[in-house]
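S.K.:
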Amino acid sequence: MSRHHSLVISCIEGDGVGPELFRSARSVLDSISEAFGLRFEYANAPAGDKEFKRNGNALPESSLEAIKESDACLKAPVGESARDSILKIRQELDLYANIRPAKNYHFVESKFSDVDLVIVRENTEDLYVGKEVTYEHGNKATALKIITKKASARIARYGFDLALSRRESRNAKGKSPSVVCVSKSNVLPKTDGLFVKSCEGVSKNYPSVSFSNMYVDSAAMNLIRNPEAFDVIVTTNMYGDILSDEASEVVGGIGTAPSANIGDNLALFEPVHGAAPDIAGKGVANPIAMLLSVKMMLDWLGKTKRNPDCNRASEALLDSISVVGESGVKTSDIGGSARTDEITRKICQEIKSKKLSSGAKNGSPMESLVTNCE
Ligand code: ATP
3 MSRHHSLVIS
13 CIEGDGVGPE
23 LFRSARSVLD
33 SISEAFGLRF
43 EYANAPAGDK
53 EFKRNGNALP
63 ESSLEAIKES
73 DACLKAPVGE
83 SARDSILKIR
93 QELDLYANIR
103 PAKNYHFVES
113 KFSDVDLVIV
123 RENTEDLYVG
133 KEVTYEHGNK
143 ATALKIITKK
153 ASARIARYGF
163 DLALSRRESR
173 NAKGKSPSVV
183 CVSKSNVLPK
193 TDGLFVKSCE
203 GVSKNYPSVS
213 FSNMYVDSAA
223 MNLIRNPEAF
233 DVIVTTNMYG
243 DILSDEASEV
253 VGGIGTAPSA
263 NIGDNLALFE
273 PVHGAAPDIA
283 GKGVANPIAM
293 LLSVKMMLDW
303 LGKTKRNPDC
313 NRASEALLDS
323 ISVVGESGVK
333 TSDIGGSART
343 DEITRKICQE
353 IKSKKLSSGA
363 KNGSPMESLV
373 TNCE
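Start counting the sequence shown at 3; every next residue gets the next number (the working numbering).
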């Protein structure tokens, strides 16, 4: 790819705190363009509650097309219509791997200091297929849980490849790479049992990665008791959703938790948190989860488009977020009193200051959050 080729980013501005967080992300991308010569083109892909109110469809076909035609999609949280927007996008575009890292940063207070784990959540099946039925005049209900060997083995391979790519940084801390498969196969031997069996099958191809099984209740407990022991957790859709909110609190809060939804040729990046209607419009939402999602997007673009400027920009962005956070400029959810736009402004300044200094250099110690995405 030529150095000045534009990268097309499809944009879902979302609901609640979504638009204010999206503005923050756009300012940061503008600063990145200025500092690193990257060119972004933006394609609107409206989805969510506002879109539903406007035309009765939370995900118009034109938005889905805009996402398909883009190089990557950046999404702020949507509100009540998540099931008809983001869940549909994940399934329609087969974004099968939901990557949710939980990592300690110096500027975010936590009971722990060395948590660095990634939840790899299967993103297309399980109870999320949305097949629910009510009977007996609404007094009885069932939901269909779908698990296939194909999707389970696919997500397991993603998890093991990710563990391999993190091996060096794990070894540097005296830890070995590991994958823990989380399920409830004792209660659900057919569905979760198939998931476990598929993961066990894949594990045989990765003898250098240690593999174990854990029931989801035990995983929930161990995530609070000893989160530093985890490396990669591979799990089904529902458990992954719940455990990733928990993991984000363990490292300091949901306002700092980013995520990626990755398919074979396309990916969408979004904060783990929802639209936070309780603080929407007040200008106090923490932009870090959104900005770390931008970082994951740059990592993925760097790798899949073979664009080293994206990797440099990603390193500079993480460095800038850390510098600003460590200077005490942070939102109230993580112990500060700054507003969203003040943090954004400072991070932008920091990025631009790298134009002439470290920004053009290779070899930052900051590791990529999306290490396995080809
Ligand atoms: P969803 O089910 O869509 O994930 P949710 O019901 O779990 O959403 P969130 O919208 O994630 O809820 O909000 C949960 C809590 O976290 C709320 O108190 C909200 O204010 C807070 N919160 C979420 N995101 C942020 C943020 N970026 N900055 C500060 N606080 C946040």
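Yeah, the Cβ is synthetic: ideal placement off N, Cα and C, and Gly gets one too. Every value quoted in this text rests on a predicted model; they were computed, and no experiment measured them.
Pull up the CB-CB distance for Glu-248 and Phe-114, whole angstroms please, since I reckon it's below 8 Å.
M.R.: With 8 Å as the limit, Glu-248 and Phe-114 do not qualify as a contact, their Cβ atoms being about 13 Å apart.
S.K.: Below 7 Å CB to CB, which residues in the same chain sit around Val-326 once its five sequence neighbours on both sides are set aside?
M.R.: If we look at Val-326 and ignore the five residues flanking it on each side, its Cβ neighbours are Ile-345, Lys-348, Ile-349, Glu-352.
S.K.: Measuring alpha carbon to alpha carbon, tell me which residue in Ile-34, Ala-45, Arg-227, Leu-31 is nearest Ile-11.
M.R.: Of the candidates Ile-34, Ala-45, Arg-227, Leu-31, the one whose C-alpha sits nearest the C-alpha of Ile-11 is Ala-45.
S.K.: Give a yes or no on whether the C-beta atoms belonging to Glu-117 and Val-253 are separated by under 8 Å.
M.R.: The sequence shown places Val at residue 117, rather than the Glu named in the question. Cβ atoms of Val-117 and Val-253: closer than 8 Å.
S.K.: Any heavy atom of the ligand ATP within a distance shorter than 7 Å of the CB on Asp-280?
M.R.: Asp-280: yes, Cβ under 7 Å from the ligand ATP.
S.K.: In the DSSP output, what is Cys-183 paired with across the bridge?
M.R.: DSSP, once it has assigned bridges, lists Asn-215, Val-236 as partnering Cys-183.
S.K.: For Ala-259 versus Val-274, is the C-beta distance shorter than 8 Å?
M.R.: Contact flag set, yes.
S.K.: Near Ile-157, what residues of its chain come up, given a Cβ to Cβ distance below 7 Å and the 5 sequence neighbours on each side ignored?
M.R.: So the qualifying residues of the chain are Tyr-98, Ala-99, Val-122, Glu-124, Val-236.
S.K.: Which residue or residues does DSSP assign as beta-bridge partners of Leu-97?
M.R.: Paired residues: none, contrary to the question.
S.K.: Spatial neighbours of Tyr-241 within its chain, please: C-beta separation below 6 Å, excluding the five flanking residues on both sides.
M.R.: Taken in chain order, the residues that qualify are Val-184, Val-218.
S.K.: If the criterion is Cβ atoms closer than 8 Å, does the pair Thr-342 and Val-296 meet it?
M.R.: Not a contact, by the Cβ cut-off of 8 Å.
S.K.: Rounded to a whole number of angstroms, what is the C-alpha to C-alpha distance between Glu-127 and Leu-196?
M.R.: Rounded to the nearest angstrom, the two C-alpha atoms are 13 Å apart.
S.K.: How far does the alpha helix (DSSP H) with Ser-33 in it reach, from first residue to last?
M.R.: First-last of the alpha helix (DSSP H) with Ser-33: 20-38.
S.K.: So which of Arg-308, Ala-340, Lys-356 has the shortest CA-CA distance to Leu-320?
M.R.: That would be Lys-356, whose Cα lies nearest to the Cα of Leu-320.
S.K.: Who are the Cβ neighbours of Gly-338 in its own chain at under 6 Å, not counting the five residues just before and after it?
M.R.: Excluding sequence neighbours, Gly-338 sits near Lys-332.
S.K.: Rank Ala-291, Leu-66, Lys-284 by C-alpha distance to the C-alpha of Ile-323 and give the top, closest one.
M.R.: Of the listed residues, the one whose Cα sits closest to Ile-323 is Ala-291.
S.K.: Taking only the alpha-carbon atoms, compute the straight-line gap between Ser-316 and Arg-85 and give it to the nearest angstrom.
M.R.: Roughly 30 Å between the two C-alpha positions.
S.K.: Near Leu-303, what residues of its chain come up, given a Cβ to Cβ distance below 7 Å and the 5 sequence neighbours on each side ignored?
M.R.: These residues qualify, in order along the chain: Leu-9, Asp-73, Ala-74, Asn-309, Cys-312.
S.K.: Am I right that Ser-26 and Ala-47 are in contact with their C-beta atoms under 8 Å? What's the rounded C-beta distance?
M.R.: Ser-26 to Ala-47, Cβ: 18 Å. No contact.
S.K.: For Pro-79, is the beta carbon positioned less than 7 Å from some heavy atom of the ligand ATP?
M.R.: The answer is yes for Pro-79.
S.K.: What are the uninterrupted segments assigned as alpha helix (DSSP H) that are 4 or more residues long and contained completely in the segment 292-342, given in chain order?
M.R.: Runs of the alpha helix (DSSP H) inside the segment 292-342: 310-328.
S.K.: In this structure, how does DSSP classify Thr-150 when only helix, strand and coil are distinguished?
M.R.: In this structure, Thr-150 counts as coil in the three-state DSSP scheme.
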